[in-house]
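Since the structure comes first, as structure tokens, the remarks are kept for the end.
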Amino acid sequence: MSEHPGVGAVDGELVWHTSVWPFLASVGLLLVLPLPFMLHFVYGKSVLAAVVLAAGVVLIILTAAGWVADGLEDVHGYGAGHSVWAMPLFIMAEALIFVGFLAGYWMLRFSASSWPPAGTPAKEYAVPVFMTILLVSSSVTTHLAERELEPERESRPGFIFWLCVTMILGTVFMGLTVYEWSTLFHEGFNLGTNVYSTVFYSITGLHASHVFAGLGIFVCLLIPALRGKVNIPFVKAASMYWHFVDIVWLFVVTQVYFW
Amino acid sequence: MSTRAKRGFRLKEWIFTTDHKRVAVLYLAGSFTAFFLAGVMAMLMRTELSSIGPTITDNPATYNTWLYFHGAAMILGYLIPALTGFFANYYVPLMIGAKDVAFPRVNALSFWLYFAGIVLALLTFVVPDPPDIMWTGYPPYSIFSPGNTALYSFTVLLMGFSSIAGGINLLTTVIRMRAPGMTWNKLNIFVWCTMGAFVLQLLFVPFIGVAVIMLLLDKYLGMNFFNAAAGGSAVIYENIFWFYSHPAVYVILLPAIGLIYEITATFARNRVFNYKGTVYGGIWGVVALSGVVWGHHLYVSAMPAWLTPIITFTTLLISVPVGLLVIGLLGTLYRGSIEFKTPMLYASGFFFLFLIGGLTGIPNALSAIYSHIHGTYWIPGHFHYVMAISATTAVIGGVYYVFPKLTGKQYNETLGKLGFVLFFIGANITFGLTMYMGAAYGMPRRYYDYAQFPEVERLQYITTLGSYIILLAAIVIAVSWLHALIAGKKSEENPWGSRSLEWTHSVSPPPPGNFPEEVRLADDWDPYDYTK
Amino acid sequence: MANGLNRPVLWTTAIVLSAASRAEARSPDITAGWHELWREVIWDISIIGALFAAITLYLLVRYRRSRAQKNGTGNPLTPLAAIGWVLIPVFVFLADDIFLAAKNYDLWNQYRAVPENAYVVDVEAGMWSWDFRHPDGFIETNELRVAVGRPVHIRLTSRDVVHSFFIPDYKVKWDAVPGKTNYLWFNPVEPGEHVVTCTEFCGTLHSSMFGKVIVMPQAEFDTWLEAKRREKI
Ligand code: HEA
Ligand code: HEA
Ligand code: CUA
Ligand SMILES: [Cu+2]
Chain A
338 MSEHPGVGAV
348 DGELVWHTSV
358 WPFLASVGLL
368 LVLPLPFMLH
378 FVYGKSVLAA
388 VVLAAGVVLI
398 ILTAAGWVAD
408 GLEDVHGYGA
418 GHSVWAMPLF
428 IMAEALIFVG
438 FLAGYWMLRF
448 SASSWPPAGT
458 PAKEYAVPVF
468 MTILLVSSSV
478 TTHLAERELE
488 PERESRPGFI
498 FWLCVTMILG
508 TVFMGLTVYE
518 WSTLFHEGFN
528 LGTNVYSTVF
538 YSITGLHASH
548 VFAGLGIFVC
558 LLIPALRGKV
568 NIPFVKAASM
578 YWHFVDIVWL
588 FVVTQVYFW
Chain B
3 MSTRAKRGFR
13 LKEWIFTTDH
23 KRVAVLYLAG
33 SFTAFFLAGV
43 MAMLMRTELS
53 SIGPTITDNP
63 ATYNTWLYFH
73 GAAMILGYLI
83 PALTGFFANY
93 YVPLMIGAKD
103 VAFPRVNALS
113 FWLYFAGIVL
123 ALLTFVVPDP
133 PDIMWTGYPP
143 YSIFSPGNTA
153 LYSFTVLLMG
163 FSSIAGGINL
173 LTTVIRMRAP
183 GMTWNKLNIF
193 VWCTMGAFVL
203 QLLFVPFIGV
213 AVIMLLLDKY
223 LGMNFFNAAA
233 GGSAVIYENI
243 FWFYSHPAVY
253 VILLPAIGLI
263 YEITATFARN
273 RVFNYKGTVY
283 GGIWGVVALS
293 GVVWGHHLYV
303 SAMPAWLTPI
313 ITFTTLLISV
323 PVGLLVIGLL
333 GTLYRGSIEF
343 KTPMLYASGF
353 FFLFLIGGLT
363 GIPNALSAIY
373 SHIHGTYWIP
383 GHFHYVMAIS
393 ATTAVIGGVY
403 YVFPKLTGKQ
413 YNETLGKLGF
423 VLFFIGANIT
433 FGLTMYMGAA
443 YGMPRRYYDY
453 AQFPEVERLQ
463 YITTLGSYII
473 LLAAIVIAVS
483 WLHALIAGKK
493 SEENPWGSRS
503 LEWTHSVSPP
513 PPGNFPEEVR
523 LADDWDPYDY
533 TK
Chain C
112 MANGLNRPVL
122 WTTAIVLSAA
132 SRAEARSPDI
142 TAGWHELWRE
152 VIWDISIIGA
162 LFAAITLYLL
172 VRYRRSRAQK
182 NGTGNPLTPL
192 AAIGWVLIPV
202 FVFLADDIFL
212 AAKNYDLWNQ
222 YRAVPENAYV
232 VDVEAGMWSW
242 DFRHPDGFIE
252 TNELRVAVGR
262 PVHIRLTSRD
272 VVHSFFIPDY
282 KVKWDAVPGK
292 TNYLWFNPVE
302 PGEHVVTCTE
312 FCGTLHSSMF
322 GKVIVMPQAE
332 FDTWLEAKRR
342 EKI
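In order, the protein sequence lines correspond to chains A, B and C. Following our numbering, the numbering of the first sequence begins with 338 at its first residue and continues without gaps. Following our numbering, the numbering of the second sequence begins with 3 at its first residue and continues without gaps. Following our numbering, the numbering of the third sequence begins with 112 at its first residue and continues without gaps.
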């Protein structure tokens, strides 16, 4: 296909935009997920899997950094402000993933002869309640962070402060998930114990992965902010995502823990 | 991160491109690769089926892997990416007067995720334990299978993620980046169709993601979603899988019929008949109904008794909005001035072939009739008519239609028409007989061999001959494109005399940024206005 | 077995029951019902298809490009015409859909209502064969012998993966799913042999998972059954 210079365009002004990051991101994704998974679980080559995984993680971090840096400079000149429109669409798709898992859960539960199935340890309520408090307050602090950027304040340090608070709350939440899982494992309640363990670990795991992704996005906000660059639509989109992760938790906690 | 345009071919400007037209071309290349490979598998399958007993392989597992690859690659690798990757990416910004999509880099990412999916799919031929679980991947077989089910799951996940990213991107583009004056009721039908398709992708792809993640969890992490011994149930998978995979057929149908609308309006030089009825009744009617009919794949497996009559009815109801789409097409011919260039020939083929494909969906929907035809060759007959013939007709016709825009060159009409005639004959023989074998003899699908049905051997043989005619057609079509690319005459800017934005306001092929000048549309502008 | 929620089922069941109470019960023949509905739906879609195809052909020929007229002359519809061109087809198509759905509903309920006097066979599917357990407890593999004239009630399950039990000649099919017991029934009206084969992909030898249904005259069947019983003891 030949290039057409275009009619009436000043020579040299027309450029074919390029970016290496999409390509690298996809390679990174291959290295992080499918390949190590298959190497480890299907072919039993765990060392190789770990090496591939490590390479993938490095690549993904580099890509994310490069992508964000480019985005802040807006080298393409478009994309301004669209993310607040796109994020709700993305959230809808994400929410439906949870709906899918919950639907599987309901089908299992309604066809079960008794619930909870044999092998389930007695329920423990303190941890999930505490986790809920953490996540709900982190939603508030994200909102506070976002508010620091409003035109009448425009306080970058304030933004950074609340962002850090949010990230700490999120990290503690993740830590509690790890704590809870390992306690349960010690009690002999593991992935394959019964259908409840299947539901429990898959849904809480799915949610935890979203918290993790949210924290990753926050890092992508924090580092540029520390260097004085803030992209407000990006901040808004990230905060929408975090609110979503929070709201989904309410479904997870009521359905999986308290019902 | 940018380079100047004028310097001829640069590989870097293709691989790392973020321009929607080039991303589209990458999609086209990827999807035709998948079509080619899956087509080769089809030829191997057909050859094996031409006689009872081993014909070219004596290992049923080999056949099963061919069939697995054929189904998965044709749907996920070829048809959906050709329509929602190539055509949607190429046309939507051009048709709405935008410089590019809302997120060019995400667009490139969508392509590369899809490409990663293809790479995984190709591993099928490399790994010692290729997947053999069919494109539907039903457990518990997919859990027990000695094949590499993870390969299937990850292929689906990557392609699904790519679809979601692409869908968000193009929907945002249409919502936010229409040129001044491009009001909703002036959008091309194709743009509406892709919007419908992308809404479906966003709503339903998450579910197939869930289904294949559950497979991974069960098979490799020992979870129990589908393990009956531990209280799980295979039926969960079947429901979630079809909750996506039925709407997926409209992800195919909508853009395909959208292309046929564009071709028809251009070559009949006519307005689209009942634009609003087509858009709001036809397209959005299909979208609205597509989520409530998944159970028609499960009448004899997983439907509760009370649901079956409801699903039968909702499935039949789909004929209503699809019927409106057909009426809109035929009405566009009415009082037109039809010129039978190659794209229009494909469109004309579509009118008839889609009737066969769509109407043979009606008996499928009837649960009692289904008791016989489900799982037989009637079903591949039905869906090859809609996908391998109708939608593929739209894709091939659509490529001929966009060819001058895409390349600035013109193809050879005689070769183009020859390809169509061969395709039409071969496809009808192949899939007409396929359908007949299913209904008349109950010949089951996914059979490596059919010793218990000796009476169909002759028909199988003729079907295989028919498929060789399709192969011949495919070669003629490929040759006509290659010939045009290499030795084609330079095309006029708007060889079809279309009134649609991509032809009138841009050049062929369009430069970066698409439009030499900012697009502004007059109040009385309309993409199908041939009266002036 | 009947689903007590819907009236036609009750109605069908009532007929079946009252028929069954008489000696030499006559059960509905779902296979014949299938053929009838099939004929109707094929006529239905053929007529619709022929109609649309004829219109298409007419339009394609009538409005092909002529030298005199280069542009199409179709006018935009008036709002009333536009609504009419939606509503009228909608109602016509809807009428056909309702007609077909109702026809199917009747036949489907017959499919799902097993006659009382049926001969019950428990079928266990497994990779890659069928085990038929007769009421007397003996098991036969890949061969189902039944007596002519008495409906056969198949209770289906699977010991490994999903299979599907299909007798093309009787137009019946249902999935055998591990952990579940599904059912279907058929009416062997004449002596003869029929293929029973698997129609859900179940692995390498899916296409070899087939057997026979052998429909025997009553007397012959009784002798065979007697022999089997003695064998068991
Ligand atoms: C592009 C793809 C595509 C499209 C558009 C369709 C369209 C339809 N399909 Fe099909 N279908 C598939 C692809 C598609 N299908 C695939 C891939 C499978 C098998 C998957 C697998 O198992 O591997 C399948 C399987 C399948 C089944 C399951 C069969 C089985 O597994 O045993 C059923 C059952 O109801 C069905 C029904 C329908 C119906 C009712 C429509 C309707 O949308 C058709 C509507 C169109 C018309 C009716 C014609 C035009 C309308 C008029 C002229 C108006 C007047 C008409 C009337 C009033 C009737 N399809
Ligand atoms: C888009 C979808 C699509 C398309 C286009 C096709 C195309 C074809 N299909 Fe397929 N098919 C499916 C989707 C499709 N199929 C699906 C979903 C299934 C079910 C799978 C399952 O059961 O799980 C199926 C199953 C299926 C079966 C059933 C097998 C069985 O149940 O045992 C058969 C058998 O005849 C078949 C045949 C064919 C043939 C002959 C073609 C032909 O039309 C193919 C023709 C194409 C070529 C021959 C390509 C060659 C190209 C060239 C030569 C060009 C040259 C290129 C260059 C020079 C660059 N297909
Ligand atoms: Cu058993 Cu197929
Ligand atoms: Cu469907």
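Beta carbons: idealized from backbone N, C-alpha and C, even for Gly. Quantities reported herein were computed from a predicted structural model and do not represent experimental measurements.
Nearest CB-CB separation between C/L188 and chain B: below the 8 Å threshold. Among the residues of the region 173 to 200 of chain B, none has a Cβ less than 9 Å away from any Cβ of chain C. Within the same chain, Cβ atoms closer than 6 Å to the Cβ of B/P142 are found at F228, A236, the five residues on either side in sequence being excluded. Residues of the region 350 to 382 of chain A with a Cβ closer than 8 Å to any Cβ of chain B, in chain order: L351, V352, W353, H354, T355, S356, V357, W358, P359, F360, A362, S363, V364, L366, L367, L370, P371, F374, M375, F378, V379.
Restricting attention to alpha helix (DSSP H) runs no shorter than 4 residues, the region 355 to 384 of chain A encloses them at 358 to 369, 371 to 374, ordered along the chain. When secondary structure is reduced to three states using DSSP, C/S275 falls in the strand class. When the beta-carbon positions are compared, B/S165 and B/T86 come within less than 8 Å of each other.
Ranked by Cα distance from A/T508, the options A/P494, A/H547, A/E483 are led by A/H547. Taken atom to atom, the span from the alpha-carbon of A/D407 to that of A/P359 is near 12 Å. Contact annotation: B/N226 and A/G529 have beta-carbon atoms nearer than 8 Å.
Under the three-state reduction of DSSP output, B/M437 falls in the helix class. Per DSSP, B/Y336 is not a residue of any alpha helix (DSSP H), being assigned neither H nor E. Contact between the region 421 to 439 of chain A and the region 393 to 403 of chain A is absent: fewer than three C-beta pairs spanning the two stretches fall below 8 Å. For C/H317, the shortest C-beta to heavy atom distance toward ligand 4 is 7 Å or greater.
Spanning the alpha carbons of B/V212 and C/P302 requires a straight line of approximately 49 Å. For B/S235, the nearest CB of chain A lies under 8 Å from its own CB, placing it at the interface with that chain.
Of the other Cβ atoms in all chains shown, fewer than 16 fall within 10 Å of the Cβ of A/S519; this residue is therefore exposed.
Between the alpha carbons of A/L558 and A/V582 lies a distance of about 17 Å. Under the three-state reduction of DSSP, B/V103 is assigned to coil, being neither helix nor strand.
Closest option to C/I159, judged by alpha-carbon separation, among C/D207, C/W149, C/S318, C/M320: C/D207.
What B/V388 touches in chain C, judged by beta-carbon distance under 9 Å, is nothing: the nearest beta carbon there is about 14 Å away. For the region 299 to 324 of chain C, the set of residues with a beta-carbon nearer than 8 Å to any beta-carbon of chain B comprises V306, T308, C309, T310, E311, F312, C313, G314, T315, L316, H317, S318, S319, F321, in chain order. Rounded to whole angstroms, C/F249 and C/I265 show a C-alpha spacing of 15 Å.
Look at A/L361: its beta carbon is at least 7 Å from all of the heavy atoms in ligand 2. Residue ranges of uninterrupted beta strand (DSSP E) with 3 or more members, entirely inside the region 269 to 340 of chain C and ordered along the chain, are 274 to 278, 283 to 287, 293 to 297, 303 to 309, 321 to 327. C/S319 and B/S392 have their C-alpha atoms roughly 33 Å apart. Straight-line measurement puts the Cα of B/F88 at about 18 Å from the Cα of A/W353. Taking a cut-off of 8 Å on C-beta distances, the region 136 to 151 of chain B does not touch the region 194 to 211 of chain B, as fewer than three cross pairs fall below it. With contacts defined as CB atoms closer than 8 Å, B/L172 and A/A430 fail to qualify as a contacting pair. In the three-state reduction of the DSSP assignment, C/A224 falls in the coil class.
In this structure, A/Y533 lies away from A/P465, with their beta-carbon atoms at least 8 Å apart.
For A/W358, the distance from the CB to the nearest heavy atom of ligand 2 is not below 7 Å.
Between the beta-carbon of B/Y252 and that of B/S292 there is about 5 Å, and that keeps the pair under the 8 Å contact cut.
Residue state for C/E251 is assigned as strand, using DSSP reduced to three classes.
Per DSSP, C/S240 is not a residue of any alpha helix (DSSP H); the beta strand (DSSP E) it occupies stretches across 240 to 244. Looking at the DSSP output, C/G237 bridges to C/S240.
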